[in-house]
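Just so we're aligned, residue 42 is where the sequence shown starts under this note's numbering, counting upward by one. Structure record follows, encoded as C-alpha cells.
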Amino acid sequence: SIGEFGRHRIAFLPRHGYEHEFLPHKINYRANIYGLYKLGVQRIFATNAVGAINPKFQVGDIVVPHDLIDFTKQRPLTFFDESPDAHIDFTEPYCNELRKTLIQAAKRIGEPIHECAVYACMEGPRYETAAEIRMLGRLGCDIVGMTGIPEAVLARELGICYASLCYVSNMAAGMRGRISHQKVTEVASLIRSKLSNLLMQAILYLPKSGCCHRVLSDKHKEKRK
C-alpha cells in the first residue's frame, strides 16, 4: 500500500503477506526490500514481535534494538551473490538517526521504551528451546525474534536507512512457562494502536534525508540485478 502522511509519501509492506501466509523462514526478503528500493523508499521502520530474554523486559514493552546477532541458517543474506567487492560495514546494523527518531517520538507521547537491546534472530518457525535462550542470554542478547535478518543487511546494501521497532509479545522459552502462539497473537492485537501512534509521531519528525545512502556506489547497486 502507498499513501501520504504529513509531508511524506509512505509505503506499507506486510512481510508475512496480507493474510499472514508466509512463515518467517519462507519470506522473500530480497524481493520485499528490492521492491521498496524501486519505489524510491529511503528509510524503513520495521516492526518485529520478540520474546524477552532480559528479565528487565516484560510483555507489552516496546524496544528499539541497537545491535543484533544472526543465527539464521538458510536465508539468502545478500543481493551480491556473485560480487567479490560488496562487503558492507555492519558494525552498527541499525540506522542511528532512525533509532533516535523512534526514541524521541516515544518520549513526545509519553510512551516508555527500552532504548537499547541486542536482538537475536533465529531461523524459526518454531520457538526456541530453553537451552537456546540460556545460551543467547549468556551471549548478551536481550530479545529474540525471527524476522530481523536479512532485512537489516539487505537494506544496508541498497543504502536504505533501517531501524526496528520491537514489541515484547512473550517471555522467551524457559523463563515463564510454555509459549502460547495464541497469546502472542493476542498481545500483537492489543499493542497495535500503540505502535501505530508511535510510528506516526516518528514519521512526522523524520530528518529531511536519509544518512545511509552512501554505503555502496551506484555501480555496486546495479550489480544486484
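Note that CB positions come from ideal geometry on N, CA and C, so glycine has one too. None of these values were measured; they are calculated from a predicted model.
Given a cut-off of 8 Å on the beta-carbon distance, is the pair residue i and residue j in contact?
i: M216; j: I174; result: yes
i: I154; j: A147; result: yes
i: I244; j: G44; result: no
i: L236; j: Y208; result: yes
i: V159; j: I201; result: no
i: A93; j: A229; result: no
i: A299; j: V82; result: With the chain covering only 42 through 266, there is no way to say anything about residue 299.
By Cβ distance, which residues of its chain are closer than 6 Å to residue i, with the 5 residues on each side in sequence left out?
i: V194; result: L118
i: R50; result: none
i: K266; result: For K266, the predicted structure reports a pLDDT of 47, less than 50, and the residue's modelled location is therefore unreliable. A value from the coordinates is still provided. Excluding sequence neighbours, K266 sits near nothing in its chain.
i: L280; result: For the chain, the structure presents residues 42 to 266; residue 280 sits outside this window and is missing.
Going by C-alpha distance, which of the options is nearest residue i?
i: I144; options: R197, C252 and Q242; result: Q242
i: V104; options: P55, Q223, E164 and L240; result: L240
i: S234; options: A93, I150 and G92; result: I150
i: Q115; options: G218, S42, L177 and G165; result: G165
i: R140; options: C157, V91 and E152; result: C157
i: G178; options: A87, F98, L80 and L54; result: F98
i: T226; options: H66, H61 and K249; result: H61
i: L231; options: L80, A87 and D102; result: D102
i: T88; options: C182, E123 and L54; result: L54
Sorted by chain position, which residues of the same chain lie with C-beta nearer than 7 Å to residue i's C-beta, five sequence neighbours on each side aside?
i: Y135; result: P106, H107, A193, Y203, A204 and S205
i: Y59; result: none
i: R71; result: P117, F120 and L195
i: R56; result: I68, N73 and T188
i: C252; result: C136, E138 and C202
i: I220; result: Y168, N211 and A214
Would you give the residue range spanned by the beta strand (DSSP E) that residue i belongs to?
i: T88; result: R84 to A93
i: M216; result: Neither: M216 is in no beta strand (DSSP E) and is coded neither H nor E.
i: E45; result: I43 to F46
i: M212; result: C202 to M212
i: G186; result: I184 to G186
i: R24; result: The shown model of the chain, from 42 to 266, leaves out residue 24, and the question about it has no answer.
Can you round the beta-carbon distance between residue i and residue j to whole angstroms, since I take them to be within the 8 Å contact cut?
i: R197; j: I85; result: About 10 Å separates the two Cβ atoms, so there is no contact after all.
i: V100; j: N211; result: 6 Å
i: T142; j: L247; result: 6 Å
Can you find a C-beta in chain D that's less than 8 Å from the C-beta of residue i?
i: C253; result: Among the chains of the structure shown, chain D does not appear; only one protein chain is present.
Please return the same chain residues whose Cβ sits closer than 8 Å to the Cβ of residue i, not counting the five positions on each side in sequence.
i: M163; result: F112, T113, E169, E173, V185, G186 and M187
i: P96; result: M216
i: Y78; result: L199 and I201
I'd like the span of the alpha helix (DSSP H) that includes residue i, first residue to last.
i: V194; result: E192 to E198
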